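So the structure is just underneath, and the comments pick up after that.
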């Protein structure tokens, strides 16, 4: 049997695998993506894409084609059993360049990601291909694949399991999931066209029949109902029962059902995310309750974190950089799972008393403006933050508050008056960003040259009140004031070392770039 050689084998062409393969393609890394199904997905499993995921999609160049298909900026309205609204959460902040909550159609996203992959000659895609055996050797991995029932073997340096919650690879290498299993069963009903024209999510907080209904583009809508023990046995739900549930919410009498399924949710995370050079990502590594809409979004975070590190591991023979993957991602995954569990408790109170207590709590919060802003603007959502990993903290504790965090993405303006999002200047490489009224005076030409030879970009950003000037590197103005308001302005006259996934690796004073040289060496040389 012939053996096909590649750098990386990605198993599973869901959103995580497709995004990861696009990142690898952008770096020119040889990659084979295998998927057991004959094409990308046809079912609308995930329905919510957040600002962080959209930023990753921007990095791989698909937002221009994807955003017109997205239902942008929807909030959540919480309703009592009587149907009265007792809380409204409608976040308007665009800290990372996009709205926090957006509805989308997963088959459309997967199709866009698949089409984008075809521009990379270094990426090959095999559908109708099932992994049958995996042999983890010291210097390579041999994966036996049944492709259209014809056996083939793929030899790679790394294998990435993006093959879902029931991951065959995770089971084959003996990694276990740990956490909580829930006995609750929920019915999902996706509708092609809906009579419910409300543009936000409606959360029916009812102990008798909890329900959440989410908007999507082109009139599609999802309903999720909690089931009783004797309802929809073996996954079968009669048409009359579906009609009763939908009409009970006042809208859907003759709805055209696109998809329906019964599921139980889990809060599980793999006890380890790799074995040798085999790594887990997405649902293969963690399963989250659906109530915060973070299952797919967490997988896309995995892909961005792991993707650039794999590229550096291959390009610079630097495998040690991959040790930070699980360290950086696992804590945040658990944070998102915990917030999902909390939101589930609000949606599905145990009894009328806990439901009443929830409404009272929201009323009390609404009386105090800062507390209500925290809730209504979704500031309770855990922000991705690394306290350890590929970060370098300094002696200045004020700087360390931002190290390990995702850098904001303002709208910026160049010397010609063109306005665009900051990341459009990035090139999936590390960036030294100088935030100053006069960035052009903050770094010497020979230092710029030294970093450029290492592939590190230099970018200057001025605060809102200072126009940019022509210099040896791009300088832009912070139009949207994300960096110029009271929460960030203390970092003026600072330099940020920003990783390819847009996280802050370190912060330094201007004209003091020694730490940045060490970071570059760590990223690009075998440690």
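Numbering (my numbering), first residue to last: 13 to 539. Positions of the beta carbon are idealized from the N, C-alpha and C atoms, including for glycine. Only a predicted model underlies this, so the values are computations on that prediction, with no experimental measurement involved.
With DSSP run on the structure shown, which of helix, strand or coil describes residue i?
| i | result |
| --- | --- |
| residue 172 | strand |
| residue 137 | strand |
| residue 372 | helix |
| residue 314 | helix |
| residue 539 | Its pLDDT being 45, under 50, residue 539 is placed unreliably in this model, and the value from its coordinates should be taken loosely. Residue 539: coil per DSSP, three-state reduction. |
| residue 242 | coil |
| residue 489 | strand |
| residue 48 | coil |
| residue 163 | strand |
| residue 407 | coil |
| residue 325 | helix |
| residue 417 | strand |
| residue 54 | coil |
| residue 399 | coil |
| residue 100 | strand |
| residue 333 | helix |
| residue 453 | helix |
| residue 88 | strand |
| residue 287 | strand |
| residue 60 | strand |
| residue 496 | coil |
DSSP has residue i in a bridge; who is on the other side?
| i | result |
| --- | --- |
| residue 295 | Answer by DSSP bridge pairing: none, since residue 295 is not bridged. |
| residue 484 | The partner list for residue 484 (beta bridge, DSSP) is empty, contrary to what the question assumes. |
| residue 236 | 200, 224 |
| residue 271 | 202 |
| residue 304 | DSSP output for residue 304 lists no bridge partner at all. |
| residue 145 | 156 |
| residue 217 | Paired residues: none, contrary to the question. |
| residue 93 | Answer by DSSP bridge pairing: none, since residue 93 is not bridged. |
| residue 74 | In the DSSP output, where bridge partners are listed per residue, residue 74 has none listed. |
| residue 507 | 446, 520 |
| residue 366 | DSSP output for residue 366 lists no bridge partner at all. |
| residue 378 | Residue 378 pairs with nothing; no bridge assigned. |
Can you give me the start and stop residues for the alpha helix (DSSP H) that residue i sits inside?
| i | result |
| --- | --- |
| residue 425 | No alpha helix (DSSP H) contains residue 425, which is instead part of the beta strand (DSSP E) from 423-425. |
| residue 384 | 381-388 |
| residue 180 | 180-184 |
| residue 458 | 457-465 |
| residue 517 | Per DSSP, residue 517 belongs to no alpha helix (DSSP H); it is in the beta strand (DSSP E), 516-521. |
| residue 111 | Neither: residue 111 is in no alpha helix (DSSP H) and is coded neither H nor E. |
| residue 392 | Residue 392 -> no alpha helix (DSSP H), and no H or E assigned at all. |
| residue 469 | Taken as a continuous stretch (DSSP letters only), residue 469 belongs to no alpha helix (DSSP H), being part of the beta strand (DSSP E) at 469-474. |
| residue 345 | 336-359 |
| residue 41 | Element bounds for residue 41: n/a, residue is neither H nor E. |
In the DSSP assignment, find the beta strand (DSSP E) that holds residue i and state where it starts and stops.
| i | result |
| --- | --- |
| residue 280 | 278-282 |
| residue 19 | 15-23 |
| residue 63 | Run containing residue 63: none in the beta strand (DSSP E); it sits in the alpha helix (DSSP H), 63-71. |
| residue 189 | 189-193 |
| residue 253 | Run containing residue 253: none in the beta strand (DSSP E); it sits in the alpha helix (DSSP H), 251-259. |
| residue 28 | Where residue 28 is concerned, there is no enclosing beta strand (DSSP E), although the alpha helix (DSSP H) it sits in stretches over 27-38. |
| residue 432 | 431-433 |
Once you ignore the five residues that flank residue i on each side, which residues in its own chain have a CB closer than 6 Å to its CB?
| i | result |
| --- | --- |
| residue 48 | 142 |
| residue 97 | 89, 91 |
| residue 493 | 476 |
| residue 397 | 416, 417 |
| residue 222 | 238, 359, 360 |
With a CB to CB cut of under 8 Å and the five nearest residues on each side skipped, what residues in its chain are close to residue i?
| i | result |
| --- | --- |
| residue 275 | 197, 198, 200 |
| residue 153 | 21, 146, 147, 167, 168, 169, 170, 171, 288, 289, 290 |
| residue 163 | 13, 144, 156, 157 |
| residue 282 | 182, 187, 188, 189, 190, 292, 296, 297, 298 |
| residue 539 | Any reading at residue 539 must be qualified, since the residue scores a pLDDT of 45, below 50, and its modelled position is unreliable; the value itself is stated next. Same-chain partners within the cutoff: 330, 332, 333. |
| residue 165 | 13, 14, 15, 16, 154, 155, 156, 157 |
| residue 41 | 19, 20, 134, 322, 323, 326, 327 |
| residue 211 | 83, 86, 227 |
| residue 118 | 27, 53, 55, 56, 57, 58, 59, 308 |
Can you list, in chain order, the residues of its chain whose CB lies under 7 Å from that of residue i, leaving out five sequence neighbours each side?
| i | result |
| --- | --- |
| residue 331 | 325 |
| residue 6 | Given that the chain is displayed from residue 13 to residue 539, the structure contains no residue 6 and the question cannot be resolved. |
| residue 485 | 460, 470, 471, 472 |
| residue 394 | 344, 347, 348, 351 |
| residue 37 | 43, 129, 132, 134, 135 |
| residue 502 | 410 |
| residue 495 | 420, 422, 447, 473, 475 |
| residue 376 | none |
Hey, residue i and residue j are a contact pair by Cβ (cut 8 Å); roughly how many whole angstroms apart?
| i | j | result |
| --- | --- | --- |
| residue 52 | residue 123 | 6 Å |
| residue 12 | residue 62 | Outside the shown range of the chain (13 to 539) lies residue 12, about which nothing can therefore be said. |
| residue 400 | residue 468 | Residue 400 to residue 468, Cβ: 23 Å. No contact. |
| residue 491 | residue 431 | 6 Å |
| residue 510 | residue 451 | Going by Cβ atoms, the distance from residue 510 to residue 451 rounds to 14 Å, so no, they are not a contact pair. |
With a threshold of 7 Å (Cβ to nearest heavy atom), would residue i be considered close to the ligand ADP?
| i | result |
| --- | --- |
| residue 35 | In the structure shown, the ligand ADP is absent, as is every other ligand, since no ligand is present at all. |
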